[in-house]
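Trainee:
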Amino acid sequence: MTEVQPAISVRDVVVSYDGRRVLDHVNLDVNRGETMVLLGGSGSGKSTLLRQIIGLERPESGQILINGVDLARSKPRELKRVRRSIGVAFQNSALFNSMSVEDNIALPLREHTRLAESTIRLMTWMKLAVVGLADAGKLSPQALSGGMKKRAAVARALALDPEVLVFDEPSAGLDPIVAAELDELILGLKRAFSMTVVVVTHEMASAFRIADRMAMLYKGSLIAVGTKEELQASTHPRIRQFLERVPDNIVDTAAESQRIQRYLAGGAI
Amino acid sequence: MVVTEEIDALRTMAIDPIEFVLAPKYLAALIVLPCLTILGSACGILAGGLFMRISTGMALSIYFTSVAHSMVLRDVFTGLVKSMAFATIIVHVGCLEGFRVRGGPDAVGRSATAAVVKSTFLVILADVGFTAIFYLTAAR
């Protein structure tokens, strides 16, 4: 029986910035059609891993394979083809304010296809309709609310019908209701298009709602990869701390108050 | 564009940021800067005429005739070549600093200042170089 190739394969990836190791021999497979949520605290390396997966950075060592193609060693033409198969919705939406929403979505179609303008307009409208923004095409991105911007960014990510859809902190800066709507959109897209979805987040409620599997990063290393149930049942102290929202350092307010009073009285802190 | 992840977005859409961001600006500067140079030079000549008229009472027709006599086509050519070189410097330094910016709005401000300082310095250097070249070639 032939083994099914994963859509994304991260193999022994090492990344360092200024001598500081950000990703330390990370291995991760994302299967076709599954939603993988990358979890981790601030500075855990999840955004770096995401940038590696979408080909914005090259690893110091190791491989990132998208449908079997090694991004670091692929030729420019092949890299371009792979990039077209990945749609990315950025944390800050990254819409071009100099263009209308529909022009933002039409941009990749105009750059990479030879479709007639009328077809591009129709496709753009369809992508906007999928994310519930059919009437917002003529607006400037600046006129959209936070949630609408995220939706528009998803529509642009969908423009070239990608096989892999990547979300960077989709719930960041959104109220719980809009964040929940975005979760439903991600689930709806996955159901409708059978896409492989990778989501970077630290919103646990969102992660448990949308994930098929989860991977947890801590200080540049993967400490767990598994289903929601497996992660919830984990006894790993860092995972328990993350799931139960336990702070690293609990501030002793009484001791702090005494320290300040000592300082104000001219004593050492 | 770097700070707001727009450059990253272009790259993930397999659109070359150099082609998309730098090329149109460079083309525009190559067209506009020579036009501005011509406009600036014309304003300078006109201002000279008005100054002569007000300060010495010289007729504008005499002034413009003497300007036309003293100007040669080479002057226009060197001015236009220089303006195109300056356009190249300004756009490339600006885009280089823009692409290299990291961080938030503070970094954008610092980067914009660095672009202005560096391009001004390089424009002066280029001007010195071009003046020397044109002077030496004219003397032969």
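These protein sequences, in sequence, are chains H and Y. With the working numbering, the residue at position 24 of the first sequence is 25, and numbering never jumps. With the working numbering, the residue at position 15 of the second sequence is 17, and numbering never jumps. Think of the CB as a built atom: it goes at the ideal place given N, C-alpha and C, for glycine as much as any other residue.
#1: Can a CB atom of chain H be found closer than 9 Å to the CB of residue 7/Y?
#2: Just verifying my parser: in three-state terms, what is the DSSP assignment at residue 22/H?
#3: Give a yes or no on whether 9 Å exceeds the smallest Cβ distance from residue 112/H to chain Y.
#4: When the Cβ atoms of the stretch 203-215 of chain H are set against those of the stretch 37-44 of chain H, are three or more pairs found closer than 8 Å?
#5: Which bits of chain Y does residue 81/H rub up against, with CB to CB less than 8 Å?
#6: If residue 143/H and residue 98/H are in contact, beta carbons under 8 Å, what's the gap, nearest whole angstrom?
#7: With distances taken from CA atoms, which of 68/H, 49/H, 69/H and 247/H is nearest residue 61/H?
#8: What's the gap between the Cα of residue 102/H and the Cα of residue 79/Y?
#9: Tell me the DSSP bridge mates of residue 218/H?
#10: Using the beta-carbon count (16 or more within 10 Å), is residue 2/H buried or exposed?
#11: Under a Cβ-count criterion, where at least 16 other Cβ atoms within 10 Å of its own Cβ denotes burial, should residue 106/Y be classed as buried or exposed?
#12: I'd like the list of long-range same chain contacts for residue 16/H, defined as Cβ closer than 6 Å, with 5 residues on each side in sequence excluded.
#13: Less than 9 Å between the C-beta atoms of residue 166/H and residue 152/H, yes or no?
#14: Relative to the alpha-carbon of residue 96/Y, which residue among 23/Y, 128/Y and 8/Y has its alpha-carbon at the smallest distance?
#15: On the three-state DSSP scale, how would you describe residue 211/H?
#16: Counting only beta-carbon separations shorter than 9 Å, does residue 13/Y have a partner in chain H?
#17: Is it the case that the stretch 79-95 of chain Y contacts the stretch 29-42 of chain Y, given that we only count it when at least three CB pairs across the two stretches are under 8 Å?
Mentor: To lay it out plainly:
#1: The sequence position of residue 7/Y within the second sequence is 5, counting from 1. So yes, residue 7/Y belongs to the interface.
#2: For this step, residue 22/H is matched to residue 21 along the first sequence. Note: residue 22/H maps to strand in three-state DSSP.
#3: For this step, residue 112/H is matched to residue 111 along the first sequence. Chain Y contact via Cβ: present.
#4: yes
#5: Residue 81/H sits at position 80 when you count from the first residue of the first sequence. Residues of chain Y passing the Cβ test: 16.
#6: For the purposes of this step, residue 143/H is taken as residue 142 along the first sequence, with counting starting at 1. For the purposes of this step, residue 98/H is taken as residue 97 along the first sequence, with counting starting at 1. That belief holds up - the Cβ atoms of residue 143/H and residue 98/H are roughly 5 Å apart, short of 8 Å.
#7: Taking the first sequence and counting its residues from 1, one reaches residue 61/H at position 60. Here the closest residue by C-alpha is 49/H.
#8: As a working note, residue 102/H is residue 101 in the first sequence. As a working note, residue 79/Y is residue 77 in the second sequence. About 44 Å.
#9: Translated into the one-based positions of the first sequence, residue 218/H becomes position 217. For residue 218/H, which the question treats as bridged, DSSP gives the partners 41/H and 223/H.
#10: Taking the first sequence and counting its residues from 1, the one referred to as residue 2/H is at position 1. Because residue 2/H carries a pLDDT of 48, less than 50, the predicted location of this residue cannot be relied on, and the following value inherits that uncertainty. So residue 2/H ends up on the exposed side.
#11: In the second sequence, counting from the first residue as 1, residue 106/Y sits at position 104. Per the 10 Å Cβ criterion, exposed.
#12: Stepping through the first sequence from its first residue, residue 16/H is reached at position 15. Cβ neighbours of residue 16/H beyond the five flanking positions: 23, 24, 49, 60 and 61.
#13: Here residue 166/H corresponds to residue number 165 of the first sequence, with the count starting at 1. Here residue 152/H corresponds to residue number 151 of the first sequence, with the count starting at 1. It is not a contact, given that the beta carbons lie outside the stated cut-off.
#14: Your numbering for residue 96/Y matches position 94 in the second sequence. Ranking the options by Cα distance to residue 96/Y, first place goes to 23/Y.
#15: Position 210 of the first sequence, counting from 1, holds the residue named residue 211/H. Three-state result, residue 211/H: helix.
#16: In the second sequence, counting from the first residue as 1, residue 13/Y sits at position 11. Yes, contact with chain H.
#17: yes
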